[in-house]
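For reference, the structure discussed in these notes is given below.
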Amino acid sequence: MLAALLQMALLITCGVVWKHVAPQHISVLAHRRAITDLVFYILLPALVLNVIWTTPLNSSSLQISFLAFCGITIGLLLMWLALQFFNVSKKQTGALLLAAAFPNATYLGLPVLDRVIGEHSLAIVLQYDFFACTPILLSFGILLAHHYGDHKTKVNPLRELMKVPPLWAVAIGVTLNLTGVEQPEFLHANLSILASAVVPLMMIVLGMSIQWNSLRLRFLPLLSIVVAITLIIVPLSVFGLSHVLDLADQLIIPVTLIAAMPTMIFGIVICERYQLDSELYAAAITLTTIASLVTLTTAFYLLSPS
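Residue numbering for the sequence shown follows this note's numbering, beginning at 1 and increasing consecutively.
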């Protein structure tokens with residue numbers, strides 16, 4: 001696990017460096033968004049379609065989705081309870097609730113689990129994220145952000161969900177899977193080529209998203225709670241619930257590791273759009289990502305049978 005995380009850290013470092021040396025004809029934010037859009041609208045849907053189309057869908061898929069829902073719910077409730085003891089603004093409350101609830105399942109979970117568990121774990125990651133996390137973020141998460149933010153225009157979560165290409169890829173993949181349509185070899189080859197670019201580009205984007213200047217001392221008490229909830233309490237809860245649900249043994253470790261991922265990068269887009277405290281959310285991304293190098297390594301070795 002440590003070797004895999006160090007490899008990921010090297011790619012993340014490339015993103016950090018690129019943020020400072022990228023050509024100045026467009027802004028750093030524009031560079032990041034260009035890469036993100038390429039992944040989000042073309043490459044990630046290709047990966048999702050390729051994997052979901054050929055993955056057996058059964059009761060385990062429902063269990064994975066339910067565990068993801070439970071992890072999000074636990075994160076939200078614990079963060080909300082903790083904030084009752086702090087004097088924070090509505091914008092900060094909204095940002096912290098999102099930061100504690102939604103893991104970086106795809107952008108970090110995909111490459112990490114692919115390296116330490118194997119290619120078969122990709123289907124687990126995608127089901128965890130796109131069967132639960134992303135739909136909840138773009139429905140309830142948007143309503144939450146609208147409530148705590150200053151963005152007063154009318155919110156339509158269904159319309160937001162319809163704008164997400166990976167979710168369309170999920171719908172198409174599930175339909176083709178359940179109807180028994182065979183995946184043509186030439187299509188599989190082309191989808192695989194597109195999918196292979198997802199991981200390195202996501203790691204570079206993650207590096208470009210880290211904002212060191214957001215780690216302010218006054219944020220540390222709040223951020224330490226986010227770290228504890230996101231990286232320790234939620235994965236422990238998911239691990240326990242997976243045994244209660246009698247989840248297949250080979251799924252327990254990957255699902256627990258996905259639940260232990262740091263704060264979701266995509267949430268920064270929600271914070272910016274609905275005028276939550278984006279700086280605080282960026283600080284949560286930065287600190288949880290750094291801390292996850294330790295917690296993910298520890299979790300993997302504690303969970304591994306050998």
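Quick reminder that beta carbons are idealized off the backbone N, C-alpha and C, glycines included.
Check                                                                                                                                                                                          : Outcome
Who pairs with Pro103 in a beta bridge, going by DSSP?                                                                                                                                         : Thr263
Going by alpha carbons, who is nearest to Leu236 out of Leu110, Ala68 and Leu44?                                                                                                               : Ala68
With distance defined between alpha-carbon atoms, name the residue in Leu302, Arg32, Val28 and Leu49 nearest to Phe130.                                                                        : Leu49
Out of Arg216, Leu206 and Lys91, point me to the one whose CA is closest to Leu108's CA.                                                                                                       : Leu206
Buried or exposed: Ala30, going by 16 or more other Cβ atoms within 10 Å of its Cβ?                                                                                                            : exposed
Go to Leu43, then tell me how far its alpha helix (DSSP H) extends in each direction, as first and last residue.                                                                               : Careful: Leu43 lies outside any alpha helix (DSSP H) and carries neither H nor E.
Please list the terminal residues of the continuous alpha helix (DSSP H) segment that includes Gln183.                                                                                         : Premise fails: Gln183 is in no alpha helix (DSSP H) and is neither H nor E.
Short of 6 Å in beta carbon distance, which residues of its chain neighbour Ile35, apart from the five on each side in sequence? Order them along the chain.                                   : Leu201 and Val205
Report the residue from Ile136, Val116 and Leu187 whose alpha carbon sits nearest the alpha carbon of Glu160.                                                                                  : Ile136
If you check the beta carbons only, do Leu251 and Ile124 fall under 8 Å apart?                                                                                                                 : yes
Apart from the five residues on each side of it in sequence, which residues of its chain come closer than 8 Å, Cβ to Cβ, to Asp114?                                                            : Ser121, Leu122 and Val199
What's the gap between the Cα of Met8 and the Cα of Pro45?                                                                                                                                     : 22 Å
State yes or no: is the C-beta of Pro103 within less than 8 Å of the C-beta of Met264?                                                                                                         : yes
Is it true that the CB of Thr295 sits closer than 8 Å to the CB of Ala260?                                                                                                                     : yes
If you run the structure through DSSP and keep just helix, strand and coil, what is Pro111?                                                                                                    : helix
Flag this pair as yes or no: are the beta carbons of Thr230 and Pro254 separated by less than 8 Å?                                                                                             : no
Starting from the C-beta of His243, find all residues in its chain whose C-beta is less than 8 Å away, skip the five residues before and the five after it, and write them out in chain order. : Ile252
Count the other CB atoms within 10 Å of the CB of His146; is the residue buried (16 or more) or exposed (fewer)?                                                                               : buried
Would you give the residue range spanned by the alpha helix (DSSP H) that Cys133 belongs to?                                                                                                   : Premise fails: Cys133 is in no alpha helix (DSSP H) and is neither H nor E.
Please report how far the alpha carbon of Met203 lies from the alpha carbon of Gly180, in whole angstroms.                                                                                     : 34 Å
Just the Cα atoms here: how many angstroms apart are Ser65 and Phe266?                                                                                                                         : 19 Å
If you draw a straight line from the alpha carbon of Thr93 to that of Glu182, how long is it in whole angstroms?                                                                               : 47 Å
In three-state terms, what does DSSP make of Thr36?                                                                                                                                            : helix
Apart from the five residues just before and just after Ile72, which ones in its own chain have a Cβ nearer than 8 Å to its Cβ?                                                                : Ala101, Phe102, Ala132, Cys133 and Ile136
Please report how far the alpha carbon of Ala282 lies from the alpha carbon of Val269, in whole angstroms.                                                                                     : 10 Å
Below 6 Å CB to CB, which residues in the same chain sit around Lys19 once its five sequence neighbours on both sides are set aside?                                                           : Val28 and Met208
Taking only runs that begin and end inside the region 220 to 268, name each unbroken alpha helix (DSSP H) of 4 or more residues, in chain order.                                               : 220 to 228, 234 to 244 and 249 to 259
Just to check my reading of the structure: Gly173 and Ile52 have Cβ atoms closer than 8 Å, yes? What is that Cβ distance to the nearest angstrom?                                              : 3 Å
Enumerate in chain order the residues of its own chain whose CB-to-CB distance from Leu83 is below 7 Å, with the five nearest sequence positions on each side excluded.                        : Thr93 and Leu96
Going by beta carbon distance, what residues of the same chain come within less than 6 Å of Phe239, once the five residues before and after it are set aside?                                  : Thr256
Do Ala22 and Val226 have their CB atoms nearer than 8 Å?                                                                                                                                       : no
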